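Data block below; observations after.
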Amino acid sequence: MDILTKIQEEVAKSLLVHYECDVDSDTVLINQTKADFEGDYTVVLFPYIKKVKRSPDELGNTIGTHLKESVADISDFNIVKGFLNVSFSDQYLVKQLDSISQIENYGDFPKRSEKVMVEFSSPNTNKPLHLGHIRTILLGWSMSKIYEKAGYDVFKTCIANDRGIAICKSMTSWKNYGNGETPESSGIKGDFLVGKYYVEFDKHLTKEYQEWQASESASNLFKSKAKDEQTEEAFFKAYKNTYFNEHSAIGKQVKEMLLKWEDGDEETKALWSQMNNWVYDGHNATYANLGVSFDKIYYESETYLKGKDVILEGLKDNTFYKEKDGSIWVDLEDVGLDKKIILRSDGTSVYLTQDLGTADIRYAEQAAEKMVYVVGDEQDYHFKVLFEIMKKLGRSYANGLYHLSYGMIDLPTGKMKSREGTVVDADDLVEEVIEEARKGAKERGEVSQLDKDAQDEIFRRIGLGALKFYILKVNPKKRMMFNPQESVDMQGQTGPYIQNAFVRISSIFRKLGDIPELDFSAYALEPAEKELVKSLLQYPQVIEQAANNYDPSLVASFSYVLAKQFHKMYHDVRILSAETEVAKVFRLRLCKTVGNVLESSLNLLGIEMPERM
RNA sequence: GGCCCCGUAGCUCAACUGGAUAGAGCAGCUGACUUCUAAUCAGCAGGUUUCAGGUUCGAGUCCUGACGGGGUCACCA
7 MDILTKIQEE VAKSLLVHYE CDVDSDTVLI NQTKADFEGD YTVVLFPYIK
57 KVKRSPDELG NTIGTHLKES VADISDFNIV KGFLNVSFSD QYLVKQLDSI
107 SQIENYGDFP KRSEKVMVEF SSPNTNKPLH LGHIRTILLG WSMSKIYEKA
157 GYDVFKTCIA NDRGIAICKS MTSWKNYGNG ETPESSGIKG DFLVGKYYVE
207 FDKHLTKEYQ EWQASESASN LFKSKAKDEQ TEEAFFKAYK NTYFNEHSAI
257 GKQVKEMLLK WEDGDEETKA LWSQMNNWVY DGHNATYANL GVSFDKIYYE
307 SETYLKGKDV ILEGLKDNTF YKEKDGSIWV DLEDVGLDKK IILRSDGTSV
357 YLTQDLGTAD IRYAEQAAEK MVYVVGDEQD YHFKVLFEIM KKLGRSYANG
407 LYHLSYGMID LPTGKMKSRE GTVVDADDLV EEVIEEARKG AKERGEVSQL
457 DKDAQDEIFR RIGLGALKFY ILKVNPKKRM MFNPQESVDM QGQTGPYIQN
507 AFVRISSIFR KLGDIPELDF SAYALEPAEK ELVKSLLQYP QVIEQAANNY
557 DPSLVASFSY VLAKQFHKMY HDVRILSAET EVAKVFRLRL CKTVGNVLES
607 SLNLLGIEMP ERM
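Adding 6 to a residue's 1-based position in the first sequence gives its number in the numbering used here.
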């Protein structure tokens, strides 16, 4: 049994024996002792003071004495204002280190039967991936790693939003102005090429729209439809969508393209598939650069029709209802939401329709009890609605659905807007952080003897380590500020700071080789060593918490604290030239374990360790 | 306007889910490399946790209200 549970039980027992006060041992609150106080763990006594009508000191003494007698590994206790601090003996901590240092993959949980599906990235197929995608990709990847470590069977997935009006804009634009340009002919990466024509489309549309605004019919429209005090500019800005749908010539081309696609027109399908493949090649290169992959990619074009079957099913049992115009709706007012359309009057799918169908397909294929959607918080309402519908339909997996909602990324210059050209491309960013790592390493000169490939691999790991840690250290739910300069920082609370701790450890073992055999069970710990051992013991808890709270930032904080404590110890004590042989052997074993746990915990964030830097 | 989220040091973030004197990093100022890698360590300075009430032995954390920021309210995805 783990020692904290043991303490809880003994506290409860002590209260019962000495004061006839019956307390559930699970409710006994134990925290880590604050750094300024003596002790390792703290029992909070306040809840019992009133019940037993004793002073905090008397109560603390009784329980403390009981703990010291009944738990062999507790060496001492003290009481400060209602807090009972207990200390572990050195022998206990040394023994614990000895045992975890011998576990092959320390932190691994026993295999569970449950399967978890994690969906992330899920881009549109009409442009390159950008900084916003990087957050979902890193979060999704990290959650997958954390679940695996926690013993779950994990299935990583992505849904490619490969159909609809957006890709048709790129297609129309390419057909009109592209002159047959391809990634091969132009040397432009596929996703950027398709993105280029998407932007090109918007330029032409804007130009056409501006010319139209000068026409008589447009000014008549403004006079008759504009609200009081609305400026011409504001009015036409709001009207752009309607213009696209009702007046635009190239808008008409796009809509015809979409209809042809839906009719299965061969030429259109061929173009569609060609341009999508360009994008997939581009996206796959970006995923590979980031070191992530998926078990299966679902394509919206293949699943969107399936949603209609679900609609029919719900219509039959009156979960949904039909309006006079033929559109189909769901009423969620009983759970505090609104009425929501789920199938258009012309019988075609909306966004929700697809997600209903996709969820069913995926459950039928994978039977995952948990399904985590890593999607931005602007879609909070959408997912509330989706999950409620699944419950109403009586889906067995409905309660396992979870929206891991993450906040938007802001830049120091404001919000990212593709139209205003303030988007940060994922590829550019990755290249930049690696370049920054290269510069830093060149100055230090530690890796200059290595061959070029080995050096490049180190720069890649350091650069990506900086970027990934910078993003994952923030609680996912929070909106975050992305400062390009800070994202490539390599000092302080950063990925490279943690990698550096690992590199120092690797360096020791390059010089030494294997750890000599020696019994260190009676070793007396230095303060810095004690802190490290206590942190190491927490690792499994951190994994469990990160999994339960959907929060990789907990792992990031843990890694940082562990690295910080290691750097402190490295500074305070000598390792290879320790005072005694016992101290040396103990410290080596400690370093080895710290190195393993640092590597393992950064792996949960998708960060790799360099051997040198 | 309705609903949802957020507000902590100059800046970027923590705070074990209601516990002790709110902690880190960056930026600023000091100091430490002939030593296992200084991408490091030690120190100084920086706070009325947006504001006003309330609940509690105890509130950054829970409740009410105000102020400020963001999101969302499409037969777009």
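Even glycine gets a Cβ: it sits at the ideal position worked out from N, Cα and C.
Here the structure is a predicted model, which means the values were calculated and not measured.
- Selection Lys376, Leu399, Tyr576 and Asn283 evaluated against Asp323 yields Leu399 as nearest (Cα-Cα).
- Per DSSP, reduced to three states, the secondary structure at Cys174 is helical.
- For Phe242, the secondary structure class from DSSP, reduced to helix, strand or coil, is helix.
- The criterion of a C-beta distance shorter than 7 Å is not satisfied by Asn290 and Val436.
- Trp335 has Tyr327 and Ile347 as its beta-bridge partners, per DSSP.
- Per the C-alpha coordinates, the member of Glu449, Leu277 and Ser299 positioned closest to Gly612 is Ser299.
- 7 Å or more divides the Cβ of Thr274 from the Cβ of Trp284.
- Boundaries of the beta strand (DSSP E) around Phe83: Ile80 to Val86.
- Taking the CA atoms as reference points, Thr188 sits about 30 Å from Arg466.
- A straight-line Cα-Cα distance of about 15 Å links Glu375 and Asn554.
- The beta-bridge partner set that DSSP reports for Ala589 is empty.
- In chain order, Met149, Val378, Tyr408, Leu410 and Pro482 place their CB closer than 8 Å to the CB of Tyr556, counting only its own chain and leaving out the 5 sequence neighbours on each side.
- Apart from sequence neighbours up to five positions away, the residues of its chain that approach Ile140 with a beta-carbon distance below 6 Å are Ala432, ordered along the chain.
- In this structure, the CA atom of Lys390 is about 38 Å from the CA atom of His210.
- A direct Cα-Cα distance of roughly 22 Å separates Glu64 from Lys40.
- At the C-beta level, Leu568 and Ser541 come within 7 Å of one another.
- Annotated as distal: Ser95 and Asp114, with beta-carbon spacing of 7 Å or more.
- With a minimum length of 4 residues, the unbroken runs of alpha helix (DSSP H) contained wholly in the stretch 19-78 fall at 52-58 and 62-76.
- The DSSP-derived three-state label of Leu90 is strand.
- Straight through space, the alpha carbons of Gly446 and Thr48 are spaced by roughly 43 Å.
- Here Glu585 is exposed: its Cβ has fewer than 16 other Cβ atoms, across all protein chains shown, within 10 Å.
- Straight-line measurement puts the Cα of Ser127 at about 13 Å from the Cα of Gly297.
- Rounded to the nearest whole angstrom, the CA to CA distance from Leu604 to Ser565 is 6 Å.
- In this structure, the CA atom of Pro616 is about 21 Å from the CA atom of His577.
- DSSP lists Val122 as the bridge partner or partners of Val160.
- For Ile303, no alpha helix (DSSP H) segment is defined; the enclosing uninterrupted segment is the beta strand (DSSP E) at Lys302 to Tyr305.
- Residue pairing of Asp431 in beta bridges, as defined by DSSP: His136.
- By the criterion of at least three beta-carbon pairs nearer than 8 Å, the stretch 534-553 is in contact with the stretch 89-105.
- Cβ-Cβ distances below 7 Å link Gly406 to Glu375, Lys376 and Met377 in the same chain, with the five nearest sequence neighbours on each side left out; the list follows chain order.
- Beta-bridge partners assigned by DSSP to Ser355: Leu349.
- Ala370 counts as exposed, since fewer than 16 other C-beta atoms from the protein chains shown sit within 10 angstroms of its C-beta.
- Beta-carbon to beta-carbon, Ile152 and Glu125 are separated by about 15 Å, too far to satisfy the 8 Å threshold.
- When the beta-carbon positions are compared, Tyr25 and Val50 stay at least 7 Å from each other.
- Every unbroken stretch of the alpha helix (DSSP H) spanning 4 or more residues and falling wholly within the stretch 183-254 is given here in chain order: 189-192, 196-219, 222-231 and 238-252.
- The Cβ neighbour count for Met487, taken over all protein chains shown within 10 Å, is under 16; the residue is labelled exposed.
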